[in-house]
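Q: Just passing along the structure, written as structure tokens.
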Amino acid sequence: MTGRPRWARLLLAVWLPVVLLAAWWVASATSDSPYFPPLADILDEFVDEWVLGDAKWQLLPSLRNLSVGFVGGSVLGVLGGALLWRIPVLRRATNPIVYFLYVLPAPALLPAMIALFGLGEIRQMALIAFGATWPAMLNTLDGMRGVDEVKFDTARAMGFGSLRTVWQVVLPGASPQIAAGLRASLQVSIILMVVSEMVAAEEGIGYFILEAQTVFAITTMWTGILVLAVVGTALNYAFMGLERRMLAWHHGSRRIGGVPA
Amino acid sequence: MSSPSPLPGSPDANDLIGDGMTRTLGTAAAGGPGAQDHPVLDVQGLHKVFNAGRPDERTAIDEVSFSIAKGEFVCVVGPSGAGKTTLLRCMSGLAAPSSGTVRFEGRELTAVPDEVGVVFQDYGRSLFPWLTNGRNIDLPLRARKVPRPDREKRVQEVLEAVGLGHVERQYPWQLSGGMQQRVAIARTLSYRPDLLLMDEPFASVDAQTRFDLEDLILRVRRDAGITVVLVTHDIDEAIYLADRIVVLSGSPSRVREILDVPLGPDRDQLGTRSSEEFLALRKHLLSLVMPR
Amino acid sequence: MQTVTRYARPALVPGATLLVVLVGWQAVTASGLFRPDQFPTMTDTFSALGAALGTAELWGAVGATLQGWAVGLVVAAVLAIVVGAALGANDLALRSAASVIEIFKAIPAIAILPLVILVLGSTLGMKVFLIAFGAFWPLVVQVIYGVRAMDPTVSDTARALGVRGLRRFVAVTLPSASPYVATGLRIASASALILAVVAELVGGAEGIGRRILFARNAGVSAYPTMYAYILVAGALGILLTGAFFLLERKGMHWHESQRGVGTGGLKAR
Numbered sequence: 001m002t003g004r005p006r007w008a009r010l011l012l013a014v015w016l017p018v019v020l021l022a023a024w025w026v027a028s029a030t031s032d033s034p035y036f037p038p039l040a041d042i043l044d045e046f047v048d049e050w051v052l053g054d055a056k057w058q059l060l061p062s063l064r065n066l067s068v069g070f071v072g073g074s075v076l077g078v079l080g081g082a083l084l085w086r087i088p089v090l091r092r093a094t095n096p097i098v099y100f101l102y103v104l105p106a107p108a109l110l111p112a113m114i115a116l117f118g119l120g121e122i123r124q125m126a127l128i129a130f131g132a133t134w135p136a137m138l139n140t141l142d143g144m145r146g147v148d149e150v151k152f153d154t155a156r157a158m159g160f161g162s163l164r165t166v167w168q169v170v171l172p173g174a175s176p177q178i179a180a181g182l183r184a185s186l187q188v189s190i191i192l193m194v195v196s197e198m199v200a201a202e203e204g205i206g207y208f209i210l211e212a213q214t215v216f217a218i219t220t221m222w223t224g225i226l227v228l229a230v231v232g233t234a235l236n237y238a239f240m241g242l243e244r245r246m247l248a249w250h251h252g253s254r255r256i257g258g259v260p261a
Numbered sequence: 001m002s003s004p005s006p007l008p009g010s011p012d013a014n015d016l017i018g019d020g021m022t023r024t025l026g027t028a029a030a031g032g033p034g035a036q037d038h039p040v041l042d043v044q045g046l047h048k049v050f051n052a053g054r055p056d057e058r059t060a061i062d063e064v065s066f067s068i069a070k071g072e073f074v075c076v077v078g079p080s081g082a083g084k085t086t087l088l089r090c091m092s093g094l095a096a097p098s099s100g101t102v103r104f105e106g107r108e109l110t111a112v113p114d115e116v117g118v119v120f121q122d123y124g125r126s127l128f129p130w131l132t133n134g135r136n137i138d139l140p141l142r143a144r145k146v147p148r149p150d151r152e153k154r155v156q157e158v159l160e161a162v163g164l165g166h167v168e169r170q171y172p173w174q175l176s177g178g179m180q181q182r183v184a185i186a187r188t189l190s191y192r193p194d195l196l197l198m199d200e201p202f203a204s205v206d207a208q209t210r211f212d213l214e215d216l217i218l219r220v221r222r223d224a225g226i227t228v229v230l231v232t233h234d235i236d237e238a239i240y241l242a243d244r245i246v247v248l249s250g251s252p253s254r255v256r257e258i259l260d261v262p263l264g265p266d267r268d269q270l271g272t273r274s275s276e277e278f279l280a281l282r283k284h285l286l287s288l289v290m291p292r
Numbered sequence: 001m002q003t004v005t006r007y008a009r010p011a012l013v014p015g016a017t018l019l020v021v022l023v024g025w026q027a028v029t030a031s032g033l034f035r036p037d038q039f040p041t042m043t044d045t046f047s048a049l050g051a052a053l054g055t056a057e058l059w060g061a062v063g064a065t066l067q068g069w070a071v072g073l074v075v076a077a078v079l080a081i082v083v084g085a086a087l088g089a090n091d092l093a094l095r096s097a098a099s100v101i102e103i104f105k106a107i108p109a110i111a112i113l114p115l116v117i118l119v120l121g122s123t124l125g126m127k128v129f130l131i132a133f134g135a136f137w138p139l140v141v142q143v144i145y146g147v148r149a150m151d152p153t154v155s156d157t158a159r160a161l162g163v164r165g166l167r168r169f170v171a172v173t174l175p176s177a178s179p180y181v182a183t184g185l186r187i188a189s190a191s192a193l194i195l196a197v198v199a200e201l202v203g204g205a206e207g208i209g210r211r212i213l214f215a216r217n218a219g220v221s222a223y224p225t226m227y228a229y230i231l232v233a234g235a236l237g238i239l240l241t242g243a244f245f246l247l248e249r250k251g252m253h254w255h256e257s258q259r260g261v262g263t264g265g266l267k268a269r
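Residue numbers (the UniProt record's numbering), protein chains in the order written: chain A, 1 to 261; chain B, 1 to 292; chain C, 1 to 269.
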């Protein structure tokens with residue numbers, strides 16, 4: 001099964017997306033549904049709006065809010081998770097609160113955040129950071145608690161100090177699960193970025209899409225959706241690429257040892 | 001090729017599972033014991049290559065031919081890595097030979113026939129952990145559309161036949177290893193196969209359990225008049241169980257020798273294993289299997 | 001006496017924190033650090049919650065959110081199991097579809113929300129479509145992993161026993177893949193709740209998210225109600241996560257990870 005030559009595998013991977021795109025092109029070419037304009041029109045509009053026009057600047061506030069919120073929330077989450085791991089009393093004490101905030105669907109907080117902090121980008125960043133914190137925190141905690149006792153004994157036997165143990169033993173041991181937590185955080189962050197822009201903002205990709213929808217500029221809306229899809233996909237792939245690089249040892253040991261999960 | 005040994009056991013050997021149902025096997029009526037022209041299983045010129053045409057091409061079986069008559073107990077022995085499991089997979093229809101043929105009752109195998117049962121070494125994975133023991137045994141009966149009251153009865157009967165009490169509501173992983181392999185054997189016997197293929201079935205249990213299971217399989221075979229092919233790396237086990245032994249050479253495998261085991265139908269662990277004939281056979285087999 | 005304290009102690013520390021948080025909430029709001037139009041007091045919020053619990057409005061909203069969550073997840077799960085099992089069994093089809101699945105899995109479901117609102121309106125169908133779209137892609141990947149990770153001994157055994165077709169799928173393939181499917185469902189369930197709230201908040205479908213927005217739009221006097229509804233949203237999260245945990249324990253009781261967790265399970269081997 002794995003014996004196919006390289007070109008054949010490439011062809012296999014590519015033909016279906018190409019066929020689907022072509023099908024979209026052909027099927028929409030004569031479409032007179034207001035919701036599904038011809039793909040050709042969407043691409044024309046894309047060039048007008050995003051290449052020649054000013055729409056591309058809408059990406060800047062979105063990406064800025066997202067990166068500040070996601071990175072801030074992740075750092076908070078990982079540090080918080082490490083702290084909860086280190087101090088069991090704190091872990092037990094905060095358990096119900098942390099758990100509640102973790103399972104609370106974060107977008108539900110949006111109206112309250114508006115009431116608390118008013119409109120503005122700080123609020124958007126804060127909301128994204130807030131949503132990103134909990135998956136990162138709980139996965140960090142779980143990952144660190146799951147580190148093999150034998151590894152601690154080994155570290156002790158080698159005379160590692162506690163900081164060094166954390167850095168060299170706990171962090172690498174917990175990193176696959178921390179990465180899984182950060183991936184969940186990224187997904188929540190993207191949702192919160194778009195929703196906050198849709199509900200209460202004057203700029204950003206979410207605002208652009210909803211604004212176009214409100215004035216019934218469907219083709220323009222489609223370009224926004226495509227851009228958002230591409231940006232979201234690119235972010236996810238960038239994250240996966242980074243993860244694969246940093247966790248190469250982990251993926252390697254798993255590929256030999258067992259099933260991919 | 002040596003002549004198959006006579007069918008052991010009493011004339012009412014068909015009555016394993018206790019309901020006296022007549023077994024439907026054409027060759028049995030026509031040929032009876034020793035019908036060389038109607039073997040249950042006929043392996044001719046079997047050759048098996050993995051990853052053919054690629055850099056990691058590997059020949060598992062070079063050339064293997066033998067046939068097995070109705071009612072025989074044949075053991076296949078060979079050193080580790082001699083392609084024994086591959087051979088059994090080809091004999092059961094789980095794998096297709098690269099060339100050569102495997103015929104079961106005259107038909108060339110394309111899948112596992114309904115009349116063939118397979119018992120695997122790894123009972124822990126072969127028994128489905130999500131089903132109770134009872135449901136595990138029930139599954140092949142459902143697949144064969146056996147009516148429900150009959151199925152319930154048969155589950156009881158085969159569990160009794162393998163010496164297990166009421167474990168049908170328990171899960172396999174709640175039992176000891178030996179008991180799990182008994183359940184696996186019961187599951188295979190439940191649909192009354194004509195041919196039982198076993199791949200190192202006792203390799204993963206402790207020595208005492210192993211003796212018990214060997215005697216169990218001898219009894220089952222005698223009571224059911226079933227044909228058994230058992231693959232093992234343990235030559236003592238092969239001599240103790242078999243009427244005939246197929247000795248394979250190392251990788252890629254070929255048949256080194258096929259020899260009769262004239263120890264008669266009745267065997268017991270202590271007596272048989274210490275008999276002169278047993279020891280002589282053992283010495284001969286060792287000389288075949290040991291690398292020179 | 002001693003046993004009472006022994007059993008009560010685990011709940012003591014978290015209970016105390018909860019108390020501190022509630023009292024702290026009351027302190028910062030009642031003292032005027034936050035104005036009532038920013039953050040209502042704890043007592044106001046809880047009395048609003050008490051009042052809301054007696055209204056059909058709240059329970060209708062909870063029902064609508066749960067309905068969207070459940071229907072969306074079921075649709076996604078059924079489709080993912082059928083498609084995933086088919087792809088998992090066919091190498092050529094899988095290699096063809098893999099890139100499409102990877103791309104769609106990476107697209108944030110939220111991107112299609114405006115389009116879905118436009119086509120389907122502020123309806124249950126809109127919510128269900130969004131949730132099903134968001135849950136399907138990660139789920140189908142898990143199903144494929146699960147089917148492909150099937151132990152060769154398990155599939156050999158099924159063939160040797162003559163178990164084929166639909167029976168094989170139901171009795172062997174699905175249970176064998178179920179640990180992967182369960183993990184996928186657990187993750188999908190959390191994101192489905194988020195998407196349900198978003199569909200209500202942005203798309204205007206009936207449900208808890210829409211009620212939160214209504215309360216906010218009703219002005220300062222309704223703020224305690226808004227927070228009460230947020231608490232209810234969190235309670236929904238706890239309920240669904242907990243329900244999933246119990247369901248997984250029950251459905252997967254045979255799996256190595258769950259053995260001996262339940263009652264009276266004999267130790268394996």
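For glycine and all other residues, C-beta sits at the position ideal for the given N, C-alpha and C.
1) Can you find a C-beta in chain C that's less than 8 Å from the C-beta of residue 36 of chain B?
2) What does DSSP give as the partner residues of residue 257 of chain B in its beta bridges?
3) Can you give the Cα-Cα distance for residue 35 of chain C and residue 235 of chain C, rounded to whole angstroms?
4) Should the segment 133-145 of chain B be called in touch with the segment 162-172 of chain C, which here means at least 3 C-beta pairs below 8 Å?
5) Given this structure, state the Cα-to-Cα distance separating residue 226 of chain B from residue 154 of chain A, to the nearest angstrom.
6) Hey, quick one: how far does the beta strand (DSSP E) through residue 198 of chain B stretch, first residue to last?
7) Excluding the five sequence neighbours on either side, which residues of its own chain have a C-beta within less than 6 Å of the C-beta of residue 52 of chain B, listed in chain order?
8) For residue 162 of chain C, return the contacting residues in chain B, with the cut-off set at a CB-CB distance below 7 Å.
9) Taking 8 Å as the threshold (beta carbon to beta carbon), is residue 9 of chain A in contact with chain C?
10) Provide the residue span of the alpha helix (DSSP H) that contains residue 81 of chain C, from first to last.
11) So, for residue 211 of chain B: in the same chain, excluding its five sequence neighbours on each side, which residues have a beta-carbon less than 6 Å away from its beta-carbon?
12) Of the choices B:104, B:273, B:44, whose alpha-carbon is the least far from that of residue 64 of chain B?
13) Near residue 28 of chain B, what residues of its chain come up, given a Cβ to Cβ distance below 7 Å and the 5 sequence neighbours on each side ignored?
14) Which same chain residues end up closer than 6 Å to residue 117 of chain B when comparing Cβ atoms and leaving out the 5 residues on each side of it in sequence?
15) Can you give the Cα-Cα distance for residue 33 of chain B and residue 160 of chain C, rounded to whole angstroms?
16) Assuming residue 73 of chain A contacts residue 140 of chain A under a Cβ cut-off of 8 Å, what Cβ separation, rounded to an integer in Å, is found between them?
17) Residue 47 of chain B by DSSP, collapsed to three states: which one?
18) Which residue's Cα is closest to the Cα of residue 295 of chain B: B:251, B:174, B:163, B:121?
19) Give the single residue among C:258, C:22, C:191, C:198 whose Cα lies nearest to the Cα of residue 76 of chain C.
20) Buried or exposed: where does residue 168 of chain B fall if 16 or more other Cβ atoms within 10 Å of its Cβ makes it buried?
21) Taking only three categories from DSSP, how would you classify residue 146 of chain A?
22) Looking at C-alpha atoms only, which residue of C:247, C:142, C:112, C:78 is the closest neighbour of residue 229 of chain A?
23) So which residues of chain B does residue 154 of chain C contact, with C-beta pairs closer than 9 Å?
24) Determine, for residue 35 of chain A, whether the minimum Cβ-Cβ distance to residues of chain C falls below 8 Å.
25) So, helix, strand or coil for residue 1 of chain A, using DSSP?
26) Which residues in the same chain have their Cβ closer than 8 Å to the Cβ of residue 247 of chain A, if we skip the five residues on either side of it in sequence?
27) To the nearest angstrom, report how far apart residue 12 of chain C and residue 237 of chain C are at their CA atoms.
28) At the 8 Å Cβ level, is residue 159 of chain C part of the contact set with chain B, yes or no?
29) Quick one: what does DSSP say residue 54 of chain B is sitting in, helix, strand or coil?
30) From this set, A:244, A:136, A:225, A:52, which residue's C-alpha is nearest residue 187 of chain A's C-alpha?
31) Name the chain C residues whose beta carbon is nearer than 8 Å to that of residue 122 of chain B?
32) Assign residue 100 of chain B to one of three DSSP states: helix, strand, or coil.
33) Nearest-angstrom Cα distance between residue 217 of chain B and residue 150 of chain C?
34) Let me confirm a value: residue 158 of chain A is counted as buried when at least 16 other C-beta atoms fall within 10 Å, else exposed. Which label applies?
35) So which residues on chain B does residue 179 of chain C lean against when the C-beta distance must stay under 7 Å?
36) Between the C-alpha atoms of residue 271 of chain C and residue 9 of chain A, what's the straight-line distance to the nearest angstrom?
A: On the basis of the supplied data:
1) On the second sequence, residue 36 of chain B is found 36 positions in, with the first residue counted as 1. Low confidence applies to residue 36 of chain B: its pLDDT is 47, below 50, so where it sits in the model is not reliable, and the reading given next is rough at best. No, residue 36 of chain B does not count as interfacial toward chain C.
2) On the second sequence, residue 257 of chain B is found 257 positions in, with the first residue counted as 1. Residue 257 of chain B pairs with B:247.
3) In the third sequence, counting from the first residue as 1, residue 35 of chain C sits at position 35. In the third sequence, counting from the first residue as 1, residue 235 of chain C sits at position 235. Rounded to the nearest angstrom, the two C-alpha atoms are 26 Å apart.
4) yes
5) In the second sequence, the residue the question calls residue 226 of chain B occupies position 226. In the first sequence, the residue the question calls residue 154 of chain A occupies position 154. In a straight line, the C-alpha of residue 226 of chain B is about 57 Å away from that of residue 154 of chain A.
6) The residue given as residue 198 of chain B occupies position 198 in the second sequence. Start and end: 195-199.
7) Within the second sequence, numbered from 1, the residue matching residue 52 of chain B stands at position 52. If we look at residue 52 of chain B and ignore the five residues flanking it on each side, it has no Cβ neighbours.
8) Looking up residue 162 of chain C in the third sequence gives position 162. Near residue 162 of chain C (Cβ distances below 7 Å), the residues of chain B are 112, 114, 140, 143, 144.
9) Position 9 of the first sequence, counted from the start, is the residue given in the question as residue 9 of chain A. Residue 9 of chain A belongs to the set of residues whose beta carbon lies under 8 Å from a beta carbon in chain C.
10) As a first step, residue 81 of chain C must be located in the third sequence, where it is residue number 81. From DSSP, the alpha helix (DSSP H) with residue 81 of chain C extends over 56-88.
11) Counting from one through the second sequence, the residue named residue 211 of chain B turns up at place 211. Closer than 6 Å at Cβ, skipping near neighbours: 269.
12) On the second sequence, position 64 is the one that residue 64 of chain B refers to. Out of B:104, B:273, B:44, B:44 has the C-alpha closest to the C-alpha of residue 64 of chain B.
13) Position 28 of the second sequence holds residue 28 of chain B. Unreliable positioning characterises residue 28 of chain B in this predicted model, as indicated by a pLDDT of 37, which lies under 50. The coordinate reading is nonetheless provided below. So the qualifying residues of the chain are 70.
14) Locating residue 117 of chain B in the second sequence gives position 117, where the first residue counts as 1. Result list for residue 117 of chain B: 188, 193, 196, in chain order.
15) Mapped onto the second sequence, residue 33 of chain B falls at position 33. Mapped onto the third sequence, residue 160 of chain C falls at position 160. In this prediction, residue 33 of chain B scores a pLDDT of 44, lower than 50, which makes its location untrustworthy; no coordinate-derived value is stated.
16) If you number the first sequence from 1, residue 73 of chain A lands on position 73. If you number the first sequence from 1, residue 140 of chain A lands on position 140. With a contact defined as Cβ atoms closer than 8 Å, residue 73 of chain A and residue 140 of chain A miss out at about 12 Å.
17) If you number the second sequence from 1, residue 47 of chain B lands on position 47. The answer is strand: DSSP assigns residue 47 of chain B an E or B state.
18) Residue 295 of chain B lies beyond the range of chain B shown here (1 to 292); nothing can be said about it.
19) Numbered from its first residue, the third sequence carries residue 76 of chain C at position 76. Taking only the C-alpha atoms, the option nearest residue 76 of chain C is C:191.
20) Translated into the one-based positions of the second sequence, residue 168 of chain B becomes position 168. In the assembly as shown, residue 168 of chain B is a buried residue. Its beta-carbon has 16 or more other beta-carbons within 10 Å.
21) One-based indexing of the first sequence puts residue 146 of chain A at position 146. DSSP places residue 146 of chain A in coil when its eight states are reduced to three.
22) The count along the first sequence starts at 1 and reaches residue 229 of chain A at position 229. Checked all of C:247, C:142, C:112, C:78; the closest Cα to residue 229 of chain A is C:112.
23) Position 154 of the third sequence, counting from 1, holds the residue named residue 154 of chain C. Within 9 Å Cβ-Cβ: 125, 126, 128.
24) Residue 35 of chain A sits at position 35 when you count from the first residue of the first sequence. Closer than 8 Å: yes.
25) Locating residue 1 of chain A in the first sequence gives position 1, where the first residue counts as 1. Unreliable positioning characterises residue 1 of chain A in this predicted model, as indicated by a pLDDT of 46, which lies under 50. A coordinate reading is not provided.
26) As a position in the first sequence, residue 247 of chain A is number 247, starting the count at 1. Excluding positions up to five away in sequence, the list reads 175, 176, 179.
27) Residue mapping note: residue 12 of chain C aligns to position 12 of the third sequence, counting from 1. Residue mapping note: residue 237 of chain C aligns to position 237 of the third sequence, counting from 1. Each residue's Cα considered, the two are about 24 Å apart.
28) Within the third sequence, the letter at position 159 stands for residue 159 of chain C. Any Cβ of chain B closer than 8 Å to the Cβ of residue 159 of chain C would place that residue at the interface, and such an atom is present.
29) The sequence position of residue 54 of chain B within the second sequence is 54, counting from 1. Residue 54 of chain B: coil per DSSP, three-state reduction.
30) Within the first sequence, numbered from 1, the residue matching residue 187 of chain A stands at position 187. That would be A:136, whose Cα lies nearest to the Cα of residue 187 of chain A.
31) For the purposes of this step, residue 122 of chain B is taken as residue 122 along the second sequence, with counting starting at 1. In chain order: 153.
32) Within the second sequence, the letter at position 100 stands for residue 100 of chain B. Strand, per DSSP.
33) Stepping through the second sequence from its first residue, residue 217 of chain B is reached at position 217. Stepping through the third sequence from its first residue, residue 150 of chain C is reached at position 150. Approximately 30 Å, taken between the alpha carbons.
34) Working through the first sequence from its first residue, we reach residue 158 of chain A at position 158. Result: exposed.
35) Taking the third sequence and counting its residues from 1, one reaches residue 179 of chain C at position 179. Residues of chain B passing the Cβ test: none, with the nearest at roughly 10 Å.
36) In the structure displayed, chain C extends from 1 to 269; residue 271 of chain C sits before or after that span and is not available.
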